[in-house]
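Data first, discussion second: the structure below is written as C-alpha cells.
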Amino acid sequence: MRLASVPPPQTNAGQGQVLVEVRHYSLNLREIHLAEEGGVPANLVLGWDAAGVVVAAARNRGESGRTSGEFGPAVGDRVVTHSGNGGWAQLRSAPVSNMAVVPDSVDLAAAATLPVSATTALGALRDAGPILGRRVLITGASGGVGRFAVQLAALGGAYVIASVGSQPRGMGLRELGAHEVVLGLDGIEEPVDVVIDLVGGPSLVEAFGLLSLGGTVESIGCVSGQPAVFPPYATVGPKRSLVSFTLPASLSADLTTLIGLLADGRLTAEIGWRGPWERHDDAVAALLSRQVNGKAVLDVS
C-alpha cells in the first residue's frame with residue numbers, strides 16, 4: 278500500500294450520496310487480508326470505515342428525476358460513514374443509509390472505529406436473541422469487534438466470558454464488562470448459551486461443543502485463518518446451531534444507537550494504535566502481529 282494522488286470520488290447527490298472530508302479512519306483485519314491476497318486494482322482506494330465532516334449533502338430526487346432539497350446530514354455536520362471502499366482518503370463518498378451524525382461530545386476518531394466492528398458485534402448479539410442472564414462466550418475478545426461485543430453483551434445483561442490468545446491481550450476486558458477472561462477455551466466448565474466467534478478454525482469446533490441445548494454460535498470472523506474440521510457425529514445430537522453473519526445493507530440506525538452509547542459513556546471505543554496516515558505501514562504491521570488491543574486508527578492530514 279502507498280500514499281498517492283487519485284481523482285476525487287464520484288458522488289451522486291441525487292442518489293443519496295454525501296461527500297465527506299475524512300479526518301480519521303480505522304483499519305479492519307479483513308481489509309488488510311484482501312490487499313495481501315491481490316486482485317485489488319492498483320489505484321483503488323480501500324477503506325470501509327471513516328469519520329469526518331460533510332462538504333456536500335445528498336439531495337432528494339423527485340418523480341420528474343430532478344433533484345431538489347437536501348436530506349440527510351448537512352454541510353458542516355460531523356459524521357461517521359461506511360462504504361465498500363474509499364475510506365482511506367482525504368475525500369470519500371458514502372450513502373446516507375450508512376452514516377450517522379456525531380455530536381460534538383464524541384471524538385471523531387472514536388466514531389471511526391464503529392462502522393464494521395461495533396455494528397458487527399451489535400448485529401451478532403441481536404441475532405442470537407435475548408441474552409439477559411445467559412452465558413455468552415466471545416472468542417478473539419481482544420480485538421476491535423471482540424471488545425465491542427464484550428461491552429454490548431454486558432450491557433444486555435449477559436454473563437460474559439472473554440477468550441483471548443495471551444494474558445496481555447486480555448488486559449482491560451474485565452473493566453469493559455467481562456466476568457471471566459480465559460486463555461483459549463481453557464477452564465470453561467459449564468455450557469454456554471451463545472458464542473460470538475471471531476477466531477474460527479479448531480477454536481470454532483471446540484466452542485460448538487461447549488453449547489448448551491438450543492445454544493448458538495454466531496460465526497463473524499476467522500482470524501486464525503484455519504479450517505474448522507468437525508469430527509464425525511460432532512454435529513449430531515441435541516439441537517445446537519452454527520449461524521453465519523453479515524452486515525445489513527443499511528447501518529444508519531445501528532450507528533446512531535452506538536454513537537448514543539458513546540455519548541452517554543456506556544460504550545468505550547478502545548483504540549490500541551493511533552497515528553498519522555503517513556505511518557500506515559506501521560499500523561498494518563501492528564495489526565497483523567496482534568499488537569493492537571482494540572482498533573487501529575489513522576489520522577488524515
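Yeah, the sequence shown ends on 578 if you go by this note's numbering, and it's all consecutive. Ideal placement from N, C-alpha and C gives every residue a C-beta, glycine not left out. Bear in mind the structure is a predicted one, so any value in this text is a computation, not a measurement.
- The DSSP-derived three-state label of histidine 301 is strand.
- Here phenylalanine 507 is exposed. Its C-beta has fewer than 16 other C-beta atoms within 10 Å.
- In the displayed model, threonine 288 falls within coil according to three-state DSSP, outside both helix and strand.
- Going by C-alpha positions, proline 504 is about 10 Å away from valine 482.
- With 16 or more other Cβ atoms inside 10 Å of its own Cβ, valine 357 counts as buried.
- Distances from the CA of glycine 549 to each of Ala290, Met448 and Gly315 were compared; the closest alpha carbon is that of Met448.
- About 5 Å separates the Cβ atoms of aspartate 470 and serine 489, confirming a contact at the 8 Å cut-off.
- Minimum Cα-Cα distance from valine 520 among the listed residues Asn305, Ala401, Arg446 and Gly315 corresponds to Ala401.
- The beta-carbon separation of glycine 486 and cysteine 499, rounded to 18 Å, does not stay under the 8 Å limit for a contact.
- With contacts defined as CB atoms closer than 8 Å, valine 352 and valine 331 qualify as a contacting pair.
- In the three-state DSSP reduction, valine 577 falls in the coil class, being neither helix nor strand.
- Within the segment 533-573, the runs of alpha helix (DSSP H) at least 4 residues long that lie entirely inside it are, in chain order, 557-565.
- The shortest C-alpha to C-alpha distance from proline 392 to any of Ala562, Ala526, Val295 and Leu460 is the one to Ala526.
- Sequence-distant Cβ neighbours of glycine 421 in its own chain, meaning closer than 7 Å and more than five residues away, are Thr390, Ser394, Gly571 and Lys572.
- With respect to the 8 Å criterion, glycine 324 and glycine 291 are not classified as neighbours on the basis of their beta carbons.
- Rounded to the nearest whole angstrom, the C-alpha separation of isoleucine 309 and valine 561 is 7 Å.
- When DSSP assignments are scanned along the segment 478-535, the uninterrupted stretches of alpha helix (DSSP H) that are 4 or more residues long and fall wholly within it turn out to be 478-486.
- Bounds of the beta strand (DSSP E) holding alanine 439 are 436-441.
- DSSP places arginine 355 in the strand class (E or B) of the three-state scheme.
- Counting only runs of 4 or more residues that sit fully inside the segment 374-457, the alpha helix (DSSP H) segments are 385-388, 396-404, 421-432 and 450-453, in chain order.
- One alpha carbon belongs to glutamate 457, the other to alanine 377, and they sit about 33 Å apart.
- With fewer than 16 other Cβ atoms inside 10 Å of its own Cβ, serine 443 counts as exposed.
- In the assembly as shown, threonine 523 is an exposed residue. Its beta-carbon has fewer than 16 other beta-carbons within 10 Å.
- Per DSSP, the continuous alpha helix (DSSP H) segment holding isoleucine 309 begins and ends at 306-314.
- Between leucine 544 and leucine 535, the CB-CB gap stays under 8 Å.
- In this structure, DSSP gives serine 282 a state outside helix and strand, which the three-state scheme calls coil.
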